[in-house]
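Q: Quick one: the structure is below, questions incoming.
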Amino acid sequence: MPGCLGFKDPLCFCLIASSMVMTTQLTGKDRQAFQRDPCLPGHPDPYWIYGALLRDSPVQWCEGPGLWVVLGHSESEALMRDPRCLRQDHLDKLIQRFGDERIFRRQQGDIPYMDGERHNRMRQHVMSAFSGIDLVALDRFCTQVINTCLDSVSPGSWFDLVNVLANSLPLLVSSELMGVPQELQGEVLDQVGHFVRARGLIQTEETAKDGDEAMNVYRRFFTPLIEKRRAQPGDDVLSRLLVDRKGKETLSNEQLLLIVSSNFYSASIYTVPLLISNAAHLLAHQPEVLEQLRREPALVEHAVEEFLRYDPPAQAINIGAVREPIEIAGQMIPAGASLTALVGAANRDPRAFDAPDTFVVNRHPNPHLSFAPGLHQCLGLHLARLEMRAILRALIERCHRLEVDESRSNRLVADRFRGFEQLTVRML
Ligand code: HEM
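In this note's numbering, the protein residues as written are 8 to 435.
In structure tokens, the structure reads:
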């Protein structure tokens, strides 16, 4: 657990000690926790457990969510590109289980749940709307937002980085790009966790109900905006999504609602803050990383990739279900089974990365899987990278050292996502 070395917090010391004892052998409890939920939500350091399980086998059955978990890098990457893995079939199982009127039925029109030609067409449409974004202007906008957020903090004082900075940046970027008044967005931010969890690994009546409610809030929030832009298009992403560029896509309000709320808003305002908070936590525990970036700011780009590899916000990706039996690393997966790639484990696979448990600022190449390279590769990866680079530049400029108060920080405990709900830090 290199992130804690040299840290004075007794809790952290205990974690190091227990982690050092346990790295040699998994206990029955560790295995049970993995069986309940393979992402070990809220665990301070799931990676050594993933490592030990990966040594057992790169693909394992997991009882809790009732699916096959792929921990190996090459196996996960191959599946992300495999057209035999069908997202729609996985979703159909949820529709069957929870009934027709739930969020899962609506997700049929959502890009991550589409397959084949239909998925391709929709991806192209969204990509062309995103490609109109002026990244240079956006970079300037990010720097301004970050400066305003950090100027609001008195020098050397403790503040919650999630609240002050990590949540604000992607929210303001989204509102800028969509042309949405900033003050309208609080409700969406409140709901995003519920929306995103309705596409987690484990679904219960409660996650489905929260997802339904989030969808209703999104509908109330975005439908008037969509109608307004239809009547009066502007120069924003939402207006570009309405344009039928190649004469192939005529999107209904319902489809647009899903693209905007799921593929744009939820995709960015949930994941980017997690990446920022994980990175800040690491910088606080490994001051030499911040020091190296201060000496060599040109390494910021590599560092962003390493943050994504080392502690990814999305620990797992739903790969879909298979119609025919397939073989993965000698394991037969039966027809109808669902699969998930445990990215957090694959990103530390020693067969793909040297010194996988060490944060190497200038690691290159860095074939991490955090943006799901393959058929469903993240469409917002340029935006996420741009926002994270701007954050790192600001931290390098403003502080020699970042300290974290663990007693006033909380990890998010939420299915397949990893990061902080609260991260109390000070810049020195
Ligand atoms: C650190 C930030 C981010 C991370 C770690 C991340 C990660 C991912 C991952 C793992 C997937 C694959 C999901 C799946 O296969 O079901 C994905 C898909 C997607 N992401 Fe991101 N994402 C981030 C930010 C963003 C942003 C800022 C946007 C847009 C503004 C975005 C838009 C999308 C879209 C539209 C897809 C669906 C692609 C498809 O299914 O074809 N993401 N992202």
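Idealized CB from N, CA, C, for every residue including glycine.
Since the model is a prediction, treat every value here as computed from it, not as a measurement.
Would you list the residues sitting across from Ser345 in a DSSP beta bridge?
A: Ala328
Q: Distance, Cα to Cα, Arg316 vs Thr365?
A: 11 Å
Q: With Glu394 and Cys149 assumed to form a contact (beta carbons below 8 Å), what rounded beta-carbon distance in angstroms separates them?
A: 6 Å
Q: Of all the alpha helix (DSSP H) runs that stay within the bounds of the region 189-259, which reach a length of 4 or more residues?
A: 193-204, 212-238 and 244-249
Q: Can you say whether Asn113 is buried or exposed, counting buried as having 16 or more other CB atoms within 10 angstroms of its CB?
A: The amino acid occupying residue 113 in the given sequence is Arg; Asn does not appear at that position. By the C-beta density criterion, Arg113 is buried, having at least 16 other C-beta atoms within 10 angstroms.
Q: So does Gly106 have its beta carbon nearer than 7 Å to some heavy atom of the ligand SAH?
A: Only the ligand HEM can be found as ligands here, which leaves the ligand SAH out of the picture.
Q: On the DSSP bridge assignment, give the partners of Glu183 in chain order.
A: None, per the DSSP bridge assignment.
Q: Got a sec: does the ligand HEM put a non-hydrogen atom nearer than 7 Å to the Cβ of Ile140?
A: no
Q: So, under 8 Å CB-CB, Glu84 and Ile335 are touching, yes? Tell me the CB distance rounded to an integer number of Å.
A: So it is not a contact: roughly 12 Å between Cβ atoms.
Q: Throw me the rounded Cβ distance for the His407 and Arg370 pair, which I believe falls under 8 Å.
A: The Cβ separation is near 24 Å, so there is no contact.
Q: DSSP on Asp63, reduced to helix/strand/coil?
A: It is helical.
Q: Using the Cβ count rule (16 or more neighbours within 10 Å means buried), how would you classify Thr155?
A: exposed
Q: Pull up the distance between the alpha-carbon of Ala274 and that of Gly387, whole angstroms please.
A: 8 Å
Q: Is any heavy atom in the ligand HEM found nearer than 7 Å to the beta carbon of Thr278?
A: yes
Q: Would you mind stating whether Gly327 and His97 have Cβ atoms separated by less than 8 Å?
A: yes
Q: Determine the extent of the beta strand (DSSP E) in which Thr431 is found, giving its start and end residues.
A: Phe427 to Met434
Q: Would you call Gln293 buried or exposed, if buried means 16 or more other Cβ atoms sit within 10 Å of its Cβ?
A: It is buried - the Cβ of Gln293 has at least 16 other Cβ atoms within 10 Å.
Q: What's the C-alpha gap between Thr475 and Glu331?
A: There is simply no residue 475 to check, as the chain begins at 8 and stops at 435 in what is shown.
Q: Assign Glu404 to one of two classes, buried (16 or more other C-beta atoms within 10 Å of its C-beta) or exposed (fewer than that).
A: If you draw a 10 Å sphere on the C-beta of Glu404, you find fewer than 16 other C-beta atoms in it, and that means exposed.
Q: Please list, in chain order, all residues of the same chain as Gly13 whose beta carbon is under 6 Å from its beta carbon, the five residues on each side excluded.
A: Its pLDDT being 32, under 50, Gly13 is placed unreliably by the model, and the measurement read from it follows with that caveat. So the list is empty, once near-sequence residues are dropped.
Q: Quick check: Gly351 and Tyr57, are their CB atoms within less than 8 Å of each other?
A: yes
Q: Let me check you understand the geometry: is the CB of Gly387 closer than 7 Å to at least one non-hydrogen atom of the ligand HEM?
A: yes
Q: Taking the CB atoms as reference points, tell me whether Pro320 and Thr278 lie closer together than 8 Å.
A: yes
Q: Is Leu390 close to the ligand HEM? I mean its beta-carbon at under 7 Å from any heavy atom of the ligand.
A: yes
Q: If you run the structure through DSSP and keep just helix, strand and coil, what is Trp55?
A: Taken through DSSP and simplified to helix, strand or coil, Trp55 comes out as helix.
Q: Need the endpoints of the alpha helix (DSSP H) that Leu101 sits in, please.
A: Per DSSP, Leu101 belongs to the alpha helix (DSSP H) from Arg94 to Phe105.
Q: Buried or exposed: Glu312, going by 16 or more other Cβ atoms within 10 Å of its Cβ?
A: buried
Q: Compute the minimum distance between the beta carbon of Ala321 and the heavy atoms of the ligand HEM, and state whether it is under 7 Å.
A: Checking the 7 Å criterion, the Cβ of Ala321 is within range of a heavy atom belonging to the ligand HEM.
Q: Given this structure, state the Cα-to-Cα distance separating Gln299 from Asp318, to the nearest angstrom.
A: 19 Å
Q: State the DSSP-derived secondary structure class of Cys69, mapped to helix, strand or coil.
A: Cys69: strand per DSSP, three-state reduction.
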